Structure formats: C-alpha cells, structure tokens
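Colleague: Right, I'll just put the structure down here and ask away after.
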Amino acid sequence: MEKKSEYTFTEPQLAHILALQQQGASLSEIAEEYQVSGQVICEEIKRARHFNEIPDVTMRIYFMNREELCTAIDIDFRHERVKIRNYTDQIPLRAFGVVTEPDWKDFEYFLEERCFPKTRDHAKEILKELGLPFYDPLLIVEKTKGYMAGDQQWLLILKKEA
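For any residue, its number in our numbering is found by taking its place in the sequence shown, counting from 1, and adding 2.
So this is what it looks like as structure tokens:
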C-alpha cells in the first residue's frame, strides 16, 4: 500500500512550488518557504505530475502570472476537449478571459496568442533557433513557455506521468 503524505497542497500552491522549481529554486529553499521537509516537496512535485483522476487528460497547463496560478487547463487531445479552473477574478489574467467553458477552437486560439505570429518576418529562422521543423503553436509554447514581451504571464506545462 502506498503511503500518503500528510501534506496535500492546493493546486495554486502546487503551481507555485513548480514555478519556483522551474525558476531555479532548490528543493530545500522551497521546503523552507513552505516550512516542510525536502522530501515532502519531492512527493508533492511527483503528485502534481500524476493527475490520473481524469483518464483522458494527458497534459495540464498552468497559466501563470509571475509565480501565481491564474488558470489551470486540463487537455484531452484524443477527444479535443479542455476543462479549466480559474484562480483569479481578474478577467485580463485568466487564460480565456470571460469564457468559462472553452472549446477546442478557443484552446487553439489561446496557444496561438502565446507565441509569435505565423506570418512574422523571419519565422523560419525563429523556428530553426527553437529546433522546430514547422510552425505548431503547442510545440512553440512548450519551448518558449508562452512568454510574450510586455506581460508577466507564462505557461507551466505538465505532461501526465504513469
């Protein structure tokens, strides 16, 4: 029987932990911030990547504003479905603005908005620098984390681990 941690962080806390880790904070620094052991932080990071409660979801995107979670997006590529949870009341900081039940087209538009335009000058050179053979918004945001000039929002992408 698998031993469960006595700690269960909220989704915004998990996103914050993952953001800190991605920005280079050590496990001990994160553990100190949350006043728990490094082992607990390791367990929580592992738990964040095992979102088995939703069978067909294979990717979760945390839409972040700096280190704060704004929207969690669960993606089911097989059925082309997305489900979101907003963690802010500030409409401009939400991934889909006022839309609370986005469809696949909304998701595709969201990805396109978080990367450079397909028609941009020197797009082929940018793709080459990113190591990508063709323009695909999902592949681009996986490489760039969806950072855009002029805002503090970015994407923390989690792929389901078995």
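Built from N, CA and C at the ideal position, the CB exists for glycine as well.
Since we're looking at a predicted model, the values are computed, not measured.
If you pair each beta-carbon of the stretch 81–100 with each one of the stretch 126–134, do three or more pairs fall below 8 Å?
Modeller: no
Colleague: Please identify the residue among C44, T90, I86 whose C-alpha is closest to the C-alpha of P104.
Modeller: I86
Colleague: Tell me whether F112 sits in a helix, a strand or coil according to DSSP, three-state version.
Modeller: helix
Colleague: Any contact between the stretch 75–89 and the stretch 142–156? By contact I mean 3 or more CB pairs, one from each, below 8 Å.
Modeller: no
Colleague: How long is the line joining the alpha carbons of I47 and I19, rounded to whole angstroms?
Modeller: Each residue's Cα considered, the two are about 8 Å apart.
Colleague: Quick check on the DSSP output: the beta strand (DSSP E) that includes I159 runs from which residue to which?
Modeller: 155–161
Colleague: In the DSSP output, what is D78 paired with across the bridge?
Modeller: R83
Colleague: With F65 and Q154 assumed to form a contact (beta carbons below 8 Å), what rounded beta-carbon distance in angstroms separates them?
Modeller: That belief does not hold up - the Cβ atoms of F65 and Q154 are roughly 12 Å apart, past 8 Å.
Colleague: Consult DSSP for Y64 and reduce its assignment to one of helix, strand or coil.
Modeller: strand
Colleague: Alpha carbon to alpha carbon, how far is K107 from Q37?
Modeller: 42 Å
Colleague: According to the Cβ coordinates, are L113 and P139 closer than 7 Å?
Modeller: yes
Colleague: Can you list, in chain order, the residues of its chain whose CB lies under 6 Å from that of G69, leaving out five sequence neighbours each side?
Modeller: Checking the displayed sequence, the identity of residue 69 turns out to be Glu instead of Gly. Excluding positions up to five away in sequence, the list reads H18, A21.
Colleague: Nearest to D76 by CA position, among M61, Y137, Y89, T90, is which residue?
Modeller: Here the closest residue by C-alpha is M61.
Colleague: Looking at the strands, I want to know which residues DSSP matches up with E70.
Modeller: N67
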